[in-house]
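Colleague: First, the structure itself, so that you have it in front of you.
Residue numbers (full-length UniProt numbering): 1 to 92.
If you want it as structure tokens, here you go:
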């Protein structure tokens with residue numbers, strides 16, 4: 001059994017449709033993703049419970065409504081495994 005941790009984050013931007021598809025294409029039997037609820041009960045797929053790494057804002061998902069969520073940083077620092085394909089265009 002093959003398991004895609006953070007849905008293949010070592011090769012694609014974590015928790016994106018591109019990462020999910022890549023993990024399946026590589027033969028993963030299961031995908032792991034983290035879900036959090038906003039203050040108004042909306043589901044957000046995000047590895048961290050806080051938003052600082054991905055948005056630069058020091059707060060947690062559950063403290064905001066979906067409409068209040070800040071946008072992802074346009075320039076995320078992503079570290080892929082050495083020798084792995086890097087993605088420049090990815091849907092979030």
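Backbone N, C-alpha and C fix where the C-beta goes; we use that ideal spot for every residue, glycine too.
Since the model is a prediction, treat every value here as computed from it, not as a measurement.
(1) Residue 45 lies in the beta strand (DSSP E); which residues open and close that run?
(2) Need the endpoints of the alpha helix (DSSP H) that residue 53 sits in, please.
(3) The alpha helix (DSSP H) with residue 25 in it runs from where to where?
(4) Select from 46, 55, 37 and 71 the residue whose C-alpha is nearest the C-alpha of residue 101.
(5) Name, in chain order, the residues that DSSP records as bridge partners for residue 35.
(6) Return yes when the Cβ of residue 39 is within less than 8 Å of the Cβ of residue 59, no when it is not.
Modeller: Per the coordinate set shown:
(1) On the chain shown, residue 45 is found 45 positions in, with the first residue counted as 1. Secondary structure note for residue 45: its beta strand (DSSP E) is the uninterrupted segment 43-45.
(2) Taking the chain shown and counting its residues from 1, the one referred to as residue 53 is at position 53. For residue 53, the enclosing alpha helix (DSSP H) stretches over residues 52-55.
(3) Sequence index remark: in the chain shown, residue 25 carries index 25 (1-based). 17-25 is the span of the alpha helix (DSSP H), which, as asked, contains residue 25.
(4) Nothing in the structure corresponds to residue 101, since the chain is present only between 1 and 92.
(5) Within the chain shown, residue 35 is the residue found at index 35, counting from 1. Answer is 45.
(6) By one-based count along the chain shown, residue 59 stands at place 59. By one-based count along the chain shown, residue 39 stands at place 39. Not a contact, by the Cβ cut-off of 8 Å.
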